[in-house]
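Numbering (our numbering), first residue to last: 6 to 455.
Just so it is clear, CB atoms sit at the ideal spot from N, CA and C, and this is done for glycine as well.
No experiment lies behind these values; they were computed from the predicted model shown.
See below:
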């Protein structure tokens with residue numbers, strides 16, 4: 006199996022690119038990722054894959070112009086050749102007067118125990134054993150579908166300003182839908198930095214219980230409801246809000262729902278958003294893809310908007326310092342918060358249900374998409390476990406509904422925040438830690454026949 010290449014070899018190969026002459030600056034971004042994925046359906050494994058990818062991405066600055074080139078050839082010769090390619094691209098690129106320069110040399114706080122050798126070396130047989138344990142939780146007439154994935158990643162960055170940083174990490178995740186009977190379905194997921202940290206049995210129990218409880222769902226009319234959102238559903242809202250609204254560039258350019266709202270109340274007092282790569286169990290890096298150390302950033306504090314996250318470009322434009330949230334170049338999107346934490350409250354899921362007079366319990370959202378980024382409006386469907394709540398009790402399962410809702414308005418209407426948080430992920434390097442939420446008004450605009 007592959008293993009860590011390590012900082013010494015990363016530095017050695019990077020030096021070949023940093024030796025490029027006739028330019029103003031060179032940056033080398035190294036990324037190495039490997040891992041396995043086992044998919045299952047109808048309670049049987051139908052696909053088991055393995056992949057490994059090693060990449061070197063070089064950014065060259067020359068006379069106010071910037072060029073980026075990449076290669077999969079991890080060697081001194083490969084680094085030299087791709088640096089020359091980036092130089093050629095810089096020579097024909099348009100001038101970039103807003104380029105902020107490469108990251109200066111700075112100390113990076115280490116994250117300990119983020120790389121687990123056993124997770125990096127997980128075999129298909131080990132994943133299969135955990136899938137067998139999950140499938141065994143299904144009652145007669147029910148079957149499970151989903152995936153278990155284990156990955157290992159190491160990222161390194163070196164530049165001509167003297168900055169060098171390197172960090173490895175691992176992650177594992179399990180997702181499953183248990184279905185059967187008369188239109189019953191239940192979903193559950195779990196994420197962990199370690200394969201042995203996945204409580205697959207608990208995930209299976211949750212999904213199986215929802216499948217059993219969601220038999221013969223009844224139709225309900227669209228409209229405004231109180232909702233109790235479990236962490237998977239909350240994770241969708243958090244990820245889309247981070248993407249649309251919490252990057253410094255979109256805020257500065259007036260494209261964010263937070264543009265011009267520094268110090269204003271934008272959510273319930275119960276809501277506090279931070280981005281923190283150092284919280285226990287976080288998955289990711291202590292520096293960004295420019296080599297800037299990551300800062301803990303309080304974005305919304307007790308409902309009040311404080312600030313977004315910055316990379317070097319947006320920070321220069323705003324007259325502030327980078328918070329260490331750059332994505333890999335070339336990056337037209339700007340900074341992005343990858344380790345969002347929605348701070349927990351003191352309510353249990355049972356408390357939220359008991360406080361709901363007429364509403365819905367939502368396990369997760371599906372097929373969510375952006376409708377209006379400036380107002381943070383998205384649309385999507387409920388899926389795999391949606392239930393009617395009447396007078397503080399879960400009454401019966403309901404057929405799925407389409408929602409069209411401003412995330413900001415939902416956060417303003419949040420009255421209770423759960424005390425237990427879970428790690429969830431919506432896309433790429435991001436992973437959020439979120440609790441359940443009770444939202445007093447949530448708009449459903451259509452219904453489904455299943």
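Any heavy atom of the ligand ZN closer than 7 Å to the Cβ of residue 423?
Among the components modelled here there is no ligand, and therefore nothing to report on the ligand ZN.
Roughly how many whole angstroms lie between the Cα atoms of residue 45 and residue 179?
11 Å
Are residue 125 and residue 157 touching if we call contact CB-CB under 8 Å?
yes
Count the other CB atoms within 10 Å of the CB of residue 164; is the residue buried (16 or more) or exposed (fewer)?
buried
Specify, as a first and last residue, the run of the beta strand (DSSP E) that residue 410 falls within.
406-411
By DSSP, does residue 400 sit in helix, in strand, or in coil?
strand
Inter-residue spacing [alpha-carbon to alpha-carbon] between residue 255 and residue 413
16 Å
For residue 265, which option in 236, 309, 282 has the closest C-alpha, if you only look at C-alpha atoms?
309
Please report how far the alpha carbon of residue 41 lies from the alpha carbon of residue 219, in whole angstroms.
32 Å
So for residue 383, helix, strand or coil by DSSP?
strand
Taking the C-alpha atoms as reference points, what is the distance between residue 28 and residue 306?
44 Å
Near residue 222, what residues of its chain come up, given a Cβ to Cβ distance below 7 Å and the 5 sequence neighbours on each side ignored?
188, 402, 403, 404
Pull up the CB-CB distance for residue 10 and residue 159, whole angstroms please, since I reckon it's below 8 Å.
6 Å
Could you name the residues that DSSP lists as bridge partners for residue 262?
None, per the DSSP bridge assignment.
Below 8 Å, how does it come out for the segment 308-323 and the segment 183-199: are there three or more Cβ pairs, yes or no?
no
Once the 5 residues before and after residue 356 are set aside, which same chain residues still bring their CB inside 8 Å of it?
421
What does the alpha-carbon distance come out to for the pair residue 299 and residue 441?
27 Å
Out of 450, 7, 455, which has the shortest C-alpha to C-alpha gap to residue 230?
450
Residue 181 vs residue 149 beta-carbon contact at 8 Å:
yes
For the alpha helix (DSSP H) that residue 448 lies in, which residues bound it at each end?
Residue 448 -> not in any alpha helix (DSSP H); beta strand (DSSP E) instead, spanning 437-452.
Thinking residue 416 and residue 272 are a contact (beta carbons under 8 Å), I'd like their distance in whole angstroms, please.
4 Å
Taking all protein chains shown into account, decide if residue 37 is buried (16 or more other Cβ within 10 angstroms of its Cβ) or exposed.
buried
Segment limits, beta strand (DSSP E) that includes residue 59
49-67
For residue 339 and residue 242, the rounded distance between their alpha carbons:
20 Å
Locate the alpha helix (DSSP H) running through residue 419, then write down its first and last residues.
Run containing residue 419: none in the alpha helix (DSSP H); it sits in the beta strand (DSSP E), 419-429.
Cβ shell of residue 385 (< 8 Å), same chain only, five flanking positions each side left out:
241, 370, 371, 372, 373, 374, 407, 408
Spatially closest choice to residue 111 from 35, 329, 100, by CA coordinates:
329
Do you know how far the Cα of residue 71 is from the Cα of residue 94?
7 Å
Return the chain-ordered ranges of every beta strand (DSSP E) run that is complete within the segment 20-45 and spans a minimum of 3 residues.
none
What's the C-alpha gap between residue 443 and residue 367?
10 Å
Rounding to the nearest angstrom, what Cα-Cα distance links residue 262 and residue 250 in this structure?
6 Å
Leaving out the 5 sequence neighbours to the left and right, which residues in its chain are closer than 6 Å to residue 359 when beta-carbon positions are compared?
397
How should residue 62 be labelled, buried or exposed, when 16 other C-beta atoms within 10 angstroms of its C-beta is the threshold for buried?
buried
Residue 210, enclosing alpha helix (DSSP H) - first and last residue
205-218
With which residues is residue 388 paired in a DSSP beta bridge?
369
Return the residue from the list 378, 257, 352, 327 that minimises the CA-CA distance to residue 248.
378
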